[in-house]
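Taking it in order: structure first as structure tokens, then the write-up.
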Amino acid sequence: RLSTAEFLSMAFSCVSVTVVVSLVALVWPGSSVASHGDSRRSPPNIYRKAAQHHAHAAAGESGGPAYVTKYFSSDVDHFNYEDNRTFAMRVLVNEERWDGQKGRPIIFYTGNEGPIDLFWNNSRFWTETVRDHFGGVVVFAEHRYFGETMPFGNKSFERQNIGYCTIEQVLEDYAVLLMRLQSTKYGRGPILAGGGSYGGMLAAWFRLKYPSLVTGSLAASAPVLQYVNMTDQYMWFAKVTEDFRSAGCADGIKTAFTFLEQATKTLKHNKKDKATAALRHSHRQTDERQQTVDDLAGTFSTCTPIENGTQVESLIAWMMDAFGELAMVDYPYPASFLGSLPAWPVTKFCEGYGSTAAAAASVSDRRGVWMAMRRGLDAAGLAEKGKCLNIQTTGEDDSLGALDGWDYLTCTTQSMPIGSNGDTDMFPPSPYNLTAVVDGCRKKYGVTPDFTWPRRYSNYFEGCSNIIFSNGLLDPWWTGSFHHSPSPSCVVLNVTEGAHHLDLRAPSDEDPLSVRRVRERELGIMQGWVDAFYGAAAAAGEERRRRGEEGRETLVYQ
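For the sequence shown, our numbering assigns the number 147 to the initial residue and increments by one for each residue that follows.
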């Protein structure tokens, strides 16, 4: 085994989705880690929320092949021979297409930031299409510190225990598991690793670290470059803006945010901000402050009245997250992410924004612009017409149990800078604040993010082989992935009409032609890997046989 120090330090996370994925500046429930100086929630909260929403989306899917749940023992610390502690790792297995012959392919999913059974339902290209094509065994492994795979049970997130939540340990979990499965049941055959978002990053790193074990990897929507000094922090929200501009309402959204920023200043003008709430209970005010409160109430209809500047900032942050998420999941069919989203939700938002958008953007009609925003939210499935808008709970539910593990990863190697500047995007300026991130991580976990980890590891992609990086060009995470192949045998496939790892989801009649073509291309590339594996195995067997005969001959002549 390699020691932790010897293994390439790597970076980022999705979890997610799956997570599915979290970005460098995130806000901790109850112990705020912000990416900027003010009290507004951090835009990098997007990835942290993606970790939840990726799994929520998976939970909303139905169907898919059945699986058997198994539990395998894994070392708590693979790199310390003095530590004999173990834990149970949850693994899902499907053998429906396995003919019982040893050496068949293993279709492996590198579990990411959430319960593994939820990712199973969300990855039917992997569990059905790829499985049926190769006639192999499907194996999904759960990431330590997520789902049921808790190394220390309900004490897993205590300070003395959470330090084993590292990518190095996770990849070793997967490697040991696969070697055990091959040696005890399936025999040595090709292993195809795959995953989406953070899971796709793990799949890419898995092939890099264990090239003799992993035949090849599909890294779908894997932002392996979304790190400090590697990708411009402003590209993510610029891409979100581009999506909404293509749908026709980015300018109107920008105007709405401008009015909200002005409202923040208006409601914060009195330093005794807390006293603002009392105005609602006094006689009706006619000043600008009360008019702002009335306009907010009459347009957004939030469940909790917005009566001070801090609450306006919360609304701004909620909407920034919401627009990012709509761009991520701009699928061609209805999906369950933040709620019941329609097909092409970005377009639906702009349609809901309405024909008044252009006029509202050019005229100082604050109330009209905000009403258009609310109509767009209703149309996109982020709010329900006639009901109040809840900006307090969306994205903060931790029923998936994904936050603690993901938060720790973002405080060690998976910190990703994402910010807005108001120039290249439609959002209020909210730049990434490295100092605030470091301070927050030290306060919560007593650790300092290793911002050099991604750069050290990314250099190895220049010599990578047998990795497919697939990117949906509608997906803002595309900005942090490879846009061109890093090496001759690491292929980048860009999907013109694809959102966040759409190619991993169940094939649908609604899929654009570009998505269908990329799946065909992925199968073709993987077929080449498998053929090469069997060809090399046959050649190696012949070579061993020849050497064996020569060896016996040599012994005779001695």
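Glycine included, C-beta positions come from ideal geometry on N, C-alpha and C. Computed from a predicted structure; not experimentally measured.
Query                                                                                                                                                                : Result
Where are the beta strand (DSSP E) runs, 3 residues long or more, that stay fully inside the region 313-391, in chain order?                                         : 337-342, 362-366
Quick check: what's the CA-CA separation for residue 606 versus residue 632?                                                                                         : 10 Å
Pull up the distance between the alpha-carbon of residue 671 and that of residue 268, whole angstroms please.                                                        : 22 Å
Leaving out the 5 sequence neighbours to the left and right, which residues in its chain are closer than 6 Å to residue 210 when beta-carbon positions are compared? : 267, 270, 273
What would DSSP say about residue 290, mapped onto helix, strand or coil?                                                                                            : coil
Between residue 529 and residue 520, what straight-line distance do the alpha-carbon atoms span, to the nearest angstrom?                                            : 8 Å
For residue 654, report the span of its alpha helix (DSSP H) as first-last.                                                                                          : First-last for residue 654: undefined, no H or E at that position.
Under 7 Å, do residue 284 and residue 240 count as touching if we go by C-beta distance?                                                                             : yes
At what residue ranges does the region 208-275 contain a whole run of the alpha helix (DSSP H), taking only runs of 4 or more?                                       : 262-267
Which class does residue 683 belong to by DSSP, given the choice of helix, strand or coil?                                                                           : helix
Which runs of the alpha helix (DSSP H) spanning at least 4 residues fall entirely within the region 570-622, listed in chain order?                                  : 580-591, 599-604
Any chance the region 349-356 sits against the region 382-400, with 3 or more Cβ pairs inside 8 Å?                                                                   : no
Within this structure, are the beta carbons of residue 472 and residue 492 separated by less than 7 Å?                                                               : yes
Let me confirm a value: residue 236 is counted as buried when at least 16 other C-beta atoms fall within 10 Å, else exposed. Which label applies?                    : buried
Let me check one thing: in DSSP terms, what residues is residue 640 bridge-paired to?                                                                                : 617
Residue 182: buried (16+ other C-beta within 10 angstroms of its C-beta) or exposed?                                                                                 : Because residue 182 sits at a pLDDT of 35, beneath the cut-off of 50, its placement in the model cannot be relied upon, and the point is left open.
Measuring alpha carbon to alpha carbon, tell me which residue in 355, 590, 334 is nearest residue 304.                                                               : 590
Buried or exposed: which applies to residue 659, given that a residue is buried once 16 or more other Cβ atoms fall within 10 Å of its Cβ?                           : exposed
Does residue 558 come out as helix, strand or coil in the three-state DSSP assignment?                                                                               : coil
How would you call residue 255, buried or exposed, if buried means at least 16 neighbouring beta carbons within 10 angstroms?                                        : buried
Below 7 Å between beta carbons: does that hold for residue 372 and residue 626?                                                                                      : yes
Report the option in 369, 681, 394 whose CA atom is closest to the CA atom of residue 621.                                                                           : 369
To the nearest angstrom, report how far apart residue 587 and residue 664 are at their CA atoms.                                                                     : 40 Å
Report, in whole angstroms, the separation of the C-beta atoms of residue 669 and residue 224, which I expect to be a contact under 8 Å.                             : That pair is no contact at about 33 Å.
Can you tell me whether DSSP reads residue 406 as helix, strand or coil?                                                                                             : helix
Check each candidate in 287, 402, 286, 386 and name the one with the smallest Cα separation from residue 511.                                                        : 402
CA-CA distance, residue 381 and residue 576?                                                                                                                         : 13 Å
Given a cut-off of 7 Å on the beta-carbon distance, is the pair residue 410 and residue 455 in contact?                                                              : yes
Is it the case that the Cβ atoms of residue 288 and residue 257 are separated by a distance below 7 Å?                                                               : yes
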